[in-house]
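Peer 1:
Numbering (my numbering), first residue to last: 6 to 97.
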């Protein structure tokens, strides 16, 4: 047996000695019981979906108010430019 294999074998034996008897059965029973507990998953999914919907709604509201402000600011700027251009045309 190679020294690496012997070292791994010793580590495996040491780890196995640290586990209490019936550990694997308890883990499997717990995993099977948790697999049947889907309502918790559904509640988490519903909470995530509701949070995502609220975020999308908040972004849509912010965008609509921000876009309206930008349009008003741009219109005021173009009105000023048009007024100055008209004044400049009259001076020529």
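Each residue gets a CB set at the ideal place from its N, CA and C atoms; glycine is no exception.
Whole angstroms are fine: how far does the CA of residue 68 sit from the CA of residue 49?
Peer 2: Position 44 of the chain shown holds residue 49. Position 63 of the chain shown holds residue 68. If I take the Cα positions, the gap works out to 29 angstroms.
Peer 1: Do residue 17 and residue 6 have their CB atoms nearer than 9 angstroms?
Peer 2: Along the chain shown, one-based indexing puts residue 17 at 12. Along the chain shown, one-based indexing puts residue 6 at 1. No, they are not a contact pair.
Peer 1: For residue 56 and residue 24, what's the separation of their Cα atoms in angstroms?
Peer 2: Mapped onto the chain shown, residue 56 falls at position 51. Mapped onto the chain shown, residue 24 falls at position 19. Between residue 56 and residue 24, the C-alpha separation is close to 42 angstroms.
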